[in-house]
Amino acid sequence: MDYRKRDGAETVEIPGNIEDICMNALIFSAIWGVGGQLNEHTRPIFNEYLKKLIAGENVQEEYKIDIEDQGNPLKIPNKLGTDFDSLLDASFQPDSCSWLHWTKTVPAYQVPVGASFTEVIVPTVDSIRIQYLLKSLLQKSKHTLIVGPTGTGKSITVVNELKNTFQSEEWTYLSLSFSAQTTSAQTQQIIDGGMEKKRKGVYGPPLGKEGVIFVDDLNMPQKEQFGAQPPIELLRQWMDYGGWYDFATVDRDFRATRNVRFAAAMGPAGAGRAAITNRYVRHFNVVYVEPYSDDSMNAIYCSVMDWMFRSAKKMTYPASVEKLKENIVSSTIGVYNQIIKEFRPTPAKSHYIYNLRDVSKVFQGLAKSSPKAIISEDSMIKLWAHECLRVFQDRLISIEDRDKFSELL
Ligand SMILES: Nc1ncnc2c1ncn2[C@@H]1O[C@H](COP(=O)(O)OP(=O)(O)OP(=O)(O)O)[C@@H](O)[C@H]1O
Ligand SMILES: [Mg+2]
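Sequential numbering of the sequence shown, starting at 108, is according to the numbering used here.
Here it is as structure tokens:
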């Protein structure tokens with residue numbers, strides 16, 4: 108939605124239902140401006156609250172909100188209807204002034220034939236909304252930070268969106284990834300290396316394009332002696348001053364970098380990841396990615412198996428094997444859910460950490476099979492059991508645990 112005057116335009120066309128659009132857009136902004144940062148435990152509470160607020164109920168009394176009484180609460184006119192359990196599942200479409208479920212905003216996904224395993228990216232509710240928000244925010248020069256537990260597809264979704272939208276005539280992007288050892292000098296070098304001189308002391312993305320800098324695993328750098336993370340302090344300096352000092356010149360001239368905006372991804376603090384300073388986070392629009400629900404995982408891996416069956420060359424898999432798809436997917440997810448419940452990491456078994464990557468590995472293994480060898484349901488099931496043993500059981504260190512897992516399988 109952009110009703111600003113364009114270059115050369117005499118007037119701006121404003122639709123007749125602008126008031127309607129604004130009211131609904133206000134709700135959409137409230138959902139993501141406030142609710143976007145909440146995690147899966149607090150989102151339902153927020154959802155309930157916002158629904159009541161929109162409906163004009165007296166939330167002030169119910170939630171004991173301590174502000175001066177503003178008189179009667181007002182209802183916000185909207186076109187939400189009653190279809191949505193959670194407001195966070197709804198996407199506002201300004202063109203038609205209506206609300207759609209996120210999954211209905213993109214065409215049904217077909218894995219491109221000939222794609223490799225890592226290129227199979229199945230849209231889920233979370234990935235669709237992250238891509239939409241990233242696109243809208245970055246195009247308006249708003250820095251965006253994606254936060255979520257490990258294995259929720261943050262890196263894969265952001266990179267996918269950057270490739271789709273921010274690699275064009277007008278856009279370019281640069282991506283870098285932080286590790287515990289990243290220094291501020293390295294960070295500066297990588298970013299400076301991707302820029303072009305505009306005039307003395309001013310740099311920007313090449314060919315006059317607009318740029319996005321994507322920093323993955325933002326909170327990985329180790330804290331130094333005084334509790335700061337130098338690479339992050341460097342980036343914070345850019346936020347405040349638009350640049351840094353150039354080590355390549357004798358006088359350490361100030362080097363401004365223009366026409367860029369930042370996108371970043373990180374896991375929540377804890378488990379080896381530091382909490383980063385609020386002085387930096389405050390510059391970002393923060394969006395949280397929820398861990399995948401079983402439904403989303405089902406959708407992802409059913410598509411992966413479809414892709415596997417369709418990309419078999421020369422021969423095809425027997426129909427009876429293809430029928431096993433749903434069972435294999437749900438059993439794998441079942442095994443995964445069980446294993447994260449029963450084999451918890453302890454100091455002695457600190458590597459008992461499983462995430463979506465491991466589930467992917469099972470399917471990656473299956474996808475390596477050839478229809479020549481998989482002639483019956485039996486052989487497919489054996490292969491599947493073998494992959495599960497390799498991915499999940501090989502990590503267990505005691506005979507006891509191993510037996511327990513075999514039983515589970
Ligand atoms: N939508 C998806 N479609 C297909 N595969 C997916 C999808 N989402 C995640 N995966 C699988 O999950 C794996 C982990 O995803 P990714 O590396 O993006 O996680 P992450 O959120 O960046 O995790 P971390 O915080 O550890 O960096 C990917 O390698 C991929 O195999
Ligand atoms: Mg990642």
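All residues carry an ideal CB built from backbone N, CA and C; glycine is no exception. Computed from a predicted model, the values in this text were never measured in an experiment.
Can residue 498 and residue 468 be called in contact, C-beta distance under 8 angstroms?
On the sequence shown, residue 498 is found 391 positions in, with the first residue counted as 1. On the sequence shown, residue 468 is found 361 positions in, with the first residue counted as 1. Going by C-beta atoms, residue 498 is nearer than 8 angstroms to residue 468.
Just to check, is the beta-carbon of residue 261 closer than 7 angstroms to a non-hydrogen atom of ligand 4?
Of the ligands this structure carries, namely ligand 1 and ligand 2, none is ligand 4.
Let me know if residue 215 comes out buried or exposed under the rule of 16 or more other beta-carbons within 10 Å of its beta-carbon.
Taking the first residue of the sequence shown as position 1, residue 215 is located at position 108. The residue in question, residue 215, is exposed, as its Cβ has fewer than 16 Cβ neighbours within 10 Å.
Simplified DSSP assignment, three categories, for residue 348:
Residue numbering aside, residue 348 sits at position 241 when the sequence shown is read from its first letter. DSSP places residue 348 in helix when its eight states are reduced to three.
Since residue 416 contacts residue 429 with CB under 8 angstroms, what's their CB separation in whole angstroms?
Here the question's residue 416 lines up with position 309 in the sequence shown. Here the question's residue 429 lines up with position 322 in the sequence shown. Yes, they are in contact, since the Cβ atoms of residue 416 and residue 429 sit about 5 angstroms apart, within 8 angstroms.
Is there a Cβ of chain D sitting closer than 8 angstroms to that of residue 461, yes or no?
The structure shown contains no chain D; it holds only a single protein chain.
Run of the alpha helix (DSSP H) containing residue 464, from where it starts to where it stops
Within the sequence shown, numbered from 1, the residue matching residue 464 stands at position 357. Residue 464 -> alpha helix (DSSP H) spans 463-474.
With a floor of 4 residues, list each alpha helix (DSSP H) that falls wholly inside the segment 357-439, ordered by position along the chain.
385-388, 401-417, 426-429
Among all the DSSP beta bridges, which residues are the ones paired with residue 200?
The sequence position of residue 200 within the sequence shown is 93, counting from 1. DSSP lists 205 as partners of residue 200.
Could you work out which residue in 170, 445, 478 is closest to residue 427 when comparing CA atoms only?
Position 320 of the sequence shown holds residue 427. It is 478.
Quick one, are the C-beta atoms of residue 227 and residue 210 less than 8 angstroms apart?
For this step, residue 227 is matched to residue 120 along the sequence shown. For this step, residue 210 is matched to residue 103 along the sequence shown. No. Outside cutoff.
Give me the Cα-Cα distance between residue 140 and residue 392, rounded to the nearest whole angstrom.
As a position in the sequence shown, residue 140 is number 33, starting the count at 1. As a position in the sequence shown, residue 392 is number 285, starting the count at 1. Distance between the alpha carbons of residue 140 and residue 392: 8 angstroms.
Assuming residue 157 contacts residue 137 (C-beta within less than 8 angstroms), just tell me the rounded distance between them.
For this step, residue 157 is matched to residue 50 along the sequence shown. For this step, residue 137 is matched to residue 30 along the sequence shown. Right, their Cβ atoms sit about 7 angstroms apart.
So what does residue 317 bridge to, in DSSP terms?
Translated into the one-based positions of the sequence shown, residue 317 becomes position 210. Residue 317 is bridged to 278.
Run through the DSSP bridge pairs and tell me what residue 303 is partnered with.
Position 196 of the sequence shown holds residue 303. The partner list for residue 303 (beta bridge, DSSP) reads 311.
Using a Cβ-based criterion (distance less than 7 angstroms to any ligand heavy atom), does residue 372 qualify as near ligand 1?
Here residue 372 refers to the residue found at position 265 when the sequence shown is read from its first residue. Because some heavy atom of ligand 1 lies under 7 angstroms away, the Cβ of residue 372 counts as near it: yes.
Are there 16 or more other CB atoms within 10 angstroms of the CB of residue 453, so buried, or fewer, so exposed?
As a first step, residue 453 must be located in the sequence shown, where it is residue number 346. With fewer than 16 other Cβ atoms within 10 Å, it is exposed.
Taking contact to mean 3 or more Cβ pairs, one atom from each stretch, closer than 8 angstroms, check whether the segment 142-150 and the segment 171-180 are in contact.
no
Mind checking whether the beta-carbon of residue 435 lies closer than 7 angstroms to any heavy atom of ligand 1?
Counting from 1 along the sequence shown, the entry for residue 435 is found at position 328. Because no heavy atom of ligand 1 lies under 7 angstroms away, the Cβ of residue 435 does not count as near it: no.
Per DSSP, the bridge partner or partners of residue 284:
If you number the sequence shown from 1, residue 284 lands on position 177. In the DSSP output, where bridge partners are listed per residue, residue 284 has 323.
Segment contact, 8 angstroms Cβ cut-off, at least three pairs: the segment 328-339 with the segment 281-294
yes
Could you check the C-alpha separation between residue 409 and residue 236 for me, to the nearest Å?
Position 302 of the sequence shown, counted from the start, is the residue given in the question as residue 409. Position 129 of the sequence shown, counted from the start, is the residue given in the question as residue 236. Answer to the nearest angstrom: the Cα atoms are 21 angstroms apart.
Span of the beta strand (DSSP E) holding residue 251?
Your numbering for residue 251 matches position 144 in the sequence shown. It spans 251-254 - the beta strand (DSSP E) in which residue 251 sits, taken as one unbroken run.
Segment contact flag, the segment 270-280 with the segment 323-331, C-beta cutoff 8 angstroms, min 3 pairs:
no
Mind the definition here: the segment 370-385 touches the segment 435-451 only if three or more C-beta pairs lie below 8 angstroms; say whether that holds.
no
Whole angstroms are fine: how far does the CA of residue 115 sit from the CA of residue 257?
As a first step, residue 257 is located in the sequence shown; it is residue number 150 there, counting from the start. As a first step, residue 115 is located in the sequence shown; it is residue number 8 there, counting from the start. Straight-line Cα distance between these residues: approximately 48 angstroms.
Take residue 367 as the anchor and find which of 302, 190, 170 has the nearest alpha-carbon.
Here residue 367 refers to the residue found at position 260 of the sequence shown. Comparing Cα positions, the closest option is 302.
For residue 255, tell me which candidate among 500, 405, 242, 372 has the shortest Cα-Cα distance.
Position 148 of the sequence shown holds residue 255. Checked all of 500, 405, 242, 372; the closest Cα to residue 255 is 372.
Run through DSSP, which three-state label would residue 485 get?
Indexing the sequence shown from 1 puts residue 485 at position 378. Reduced to three states, the DSSP call for residue 485 is helix.
Residue from 276, 349, 342, 308 whose Cα sits closest to the Cα of residue 316:
As a first step, residue 316 is located in the sequence shown; it is residue number 209 there, counting from the start. Closest by alpha carbon: 276.
At a threshold of 7 angstroms, does residue 233 count as lining ligand 2 (C-beta to nearest heavy atom)?
Taking the sequence shown and counting its residues from 1, the one referred to as residue 233 is at position 126. Result no, Cβ not under 7 angstroms from ligand 2.
Report the CB separation of residue 405 from residue 438 in whole angstroms; it is logged as a contact under 8 angstroms.
As a working note, residue 405 is residue 298 in the sequence shown. As a working note, residue 438 is residue 331 in the sequence shown. The Cβ separation is near 11 angstroms, so there is no contact.
Every unbroken alpha helix (DSSP H) within the segment 116-174, with a cutoff of 4 residues, ordered by chain
125-141, 150-161, 166-169
How many whole angstroms separate the CB atoms of residue 265 and residue 321, which I take to be in contact at a CB cut-off of 8 angstroms?
As a first step, residue 265 is located in the sequence shown; it is residue number 158 there, counting from the start. As a first step, residue 321 is located in the sequence shown; it is residue number 214 there, counting from the start. The Cβ separation is near 6 angstroms, so the contact holds.
How should residue 161 be labelled, buried or exposed, when 16 other C-beta atoms within 10 angstroms of its C-beta is the threshold for buried?
Reading the sequence shown from its first residue, position 54 is the one you call residue 161. Buried, because 16 or more other Cβ atoms sit within 10 Å of the Cβ of residue 161.
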